[in-house]
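**Student:**
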Amino acid sequence: MRINILQHTSNEGPGAIIDWANERGHEVYTYHPDQFGTLPKVAETDLLVILGGPMSPNDDFPWIFEERQLILALMDLDKPIFGACFGAQQITKALGYPVSKSPEKEVGWAPVTLQSHIIPNVPDELFALHWHEEMFEIPAGADLLFSTEGLKNQGFVMNHRVIGLQFHFEPLANNVREMVVNDFSYIEGSVLGQTAEDILEQPVPRENRRVMFALLDYICQ
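Below, the structure is given as structure tokens:
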């Protein structure tokens, strides 16, 4: 399987997604559309992973619109797609749903609660990394997958092929450190009330990597 990853900023990498790809024997190609303007071809994509970034789906960059066309083309072919944060917002925006400011900015560690048992072996509550201040709407026909106390729409699954998460299961410890040391100023104003030191001192839950594997296995069945 060829996995095409869209990485939108240098400090938000694929983390455990690479571990999953290596253990499953898949090839990974990473694209940086914001830097080079290059996107993968539909015919060369078996799984599309769309990572986070500091931009908004509402921004007026040509590559953002082109990325959404890629998403729709892959959906038409029933290809699996996983989106995290900006990536999840891009999926919903491609389907015609608005992306807007969240009631509260969430940056740091906070629990997420499972809302659907459609995917096996996912615990009812997990501790995830949040790094966002925008939110998506759940597309028609999709199942609400995760929520938090402050924001209902934290994750969805659609047609056994598409998963979008507003938060992050993919970061490993090195990824968290990279996010914090480079983007520490973004932490200010978060409702979670955590400092950069608080975020760094929190160990990445081992369960997150296992659940990341379970989500990818589910959409690639």
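Numbering-wise, my numbering comes out as the position in the sequence shown, counting from 1, plus 42.
Just so it is clear, CB atoms sit at the ideal spot from N, CA and C, and this is done for glycine as well.
None of the values given here were measured: they were computed from a predicted structure.
Beta-carbon within less than 7 Å of ALA215's beta-carbon, same chain only, minus the 5 sequence neighbours each way: which residues are those?
**Tutor:** Position 173 of the sequence shown, counting from 1, holds the residue named residue 215. The answer, listed in chain order, is VAL246.
**Student:** Below 6 Å CB to CB, which residues in the same chain sit around ILE241 once its five sequence neighbours on both sides are set aside?
**Tutor:** Taking the first residue of the sequence shown as 1, we reach residue 241 at position 199. Only GLY150 and VAL222 meet the Cβ criterion.
**Student:** By Cβ distance below 6 Å, which residues in the same chain neighbour HIS210 in space, the five residues on each side in sequence not counted?
**Tutor:** As a working note, residue 210 is residue 168 in the sequence shown. So the list reads ALA126 and LEU171, once near-sequence residues are dropped.
**Student:** Count the other C-beta atoms from every protein chain shown that fall within 10 angstroms of the C-beta of GLU243, then say buried if there are 16 or more, exposed otherwise.
**Tutor:** On the sequence shown, residue 243 is found 201 positions in, with the first residue counted as 1. Exposed, since its Cβ has fewer than 16 Cβ neighbours within 10 Å.
**Student:** Return the chain-ordered list of same chain residues with a C-beta closer than 6 Å to the C-beta of ASP76, the five sequence neighbours on each side being excluded.
**Tutor:** As a working mapping, residue 76 is identified with position 34 in the sequence shown. Cβ neighbours of ASP76 beyond the five flanking positions: HIS50.
**Student:** Counting only runs that start and end within the segment 139-202, where is the alpha helix (DSSP H) found for 4 or more residues in a row?
**Tutor:** Entirely contained in the segment 139-202, not one alpha helix (DSSP H) run reaches 4 residues.
**Student:** Kindly indicate the opening and closing residues of the alpha helix (DSSP H) around THR87.
**Tutor:** The residue labelled residue 87 in the question sits at position 45 within the sequence shown. Per DSSP, THR87 belongs to no alpha helix (DSSP H) and is neither H nor E.
**Student:** Does the distance from the CB of GLU175 to the CB of TYR139 come in under 8 Å?
**Tutor:** Taking the first residue of the sequence shown as 1, we reach residue 175 at position 133. Taking the first residue of the sequence shown as 1, we reach residue 139 at position 97. Going by C-beta atoms, GLU175 is not nearer than 8 Å to TYR139.
**Student:** Taking all protein chains shown into account, do 16 or more other C-beta atoms lie within 10 angstroms of the C-beta of ARG203, making it buried, or fewer, making it exposed?
**Tutor:** In the sequence shown, residue 203 corresponds to position 161, counting from 1. The residue in question, ARG203, is buried, as its Cβ has 16 or more Cβ neighbours within 10 Å.
**Student:** Quick check on DSSP: helix, strand or coil for PHE209?
**Tutor:** Start at 1 with the first residue of the sequence shown, and residue 209 comes out as number 167. Residue state, collapsed to three classes: coil.
**Student:** Can you confirm whether VAL204, when its beta carbon is compared against all beta carbons of chain C, has any partner nearer than 8 Å?
**Tutor:** Note that chain C does not occur in the displayed structure, where there is just one protein chain.
**Student:** Measure from the alpha carbon of ARG248 to the alpha carbon of each residue in PHE169, GLY183 and VAL199, then state which is nearest.
**Tutor:** One-based indexing of the sequence shown puts residue 248 at position 206. It is PHE169 whose Cα lies nearest to the Cα of ARG248.
**Student:** How do the segment 47-62 and the segment 84-94 stand: do at least 3 beta-carbon pairs fall below 8 Å, yes or no?
**Tutor:** Yes, the segment 47-62 touches the segment 84-94.
**Student:** Is GLN226 helix, strand or coil when you go by DSSP?
**Tutor:** Looking up residue 226 in the sequence shown gives position 184. Strictly speaking, residue 226 in this sequence is Phe, with Gln absent from that position. DSSP places PHE226 in helix when its eight states are reduced to three.
**Student:** Let me know the secondary structure DSSP gives ASN46 once reduced to three states.
**Tutor:** The residue labelled residue 46 in the question sits at position 4 within the sequence shown. It is a strand residue.
**Student:** Is LEU207 near GLY197, with beta carbons less than 8 Å apart?
**Tutor:** Here residue 207 refers to the residue found at position 165 when the sequence shown is read from its first residue. Here residue 197 refers to the residue found at position 155 when the sequence shown is read from its first residue. Their beta carbons are under 8 Å apart, which means LEU207 touches GLY197 by this criterion.
**Student:** Does DSSP put PHE128 in a helix, a strand or coil?
**Tutor:** Position 86 of the sequence shown holds residue 128. In this structure, PHE128 counts as helix in the three-state DSSP scheme.
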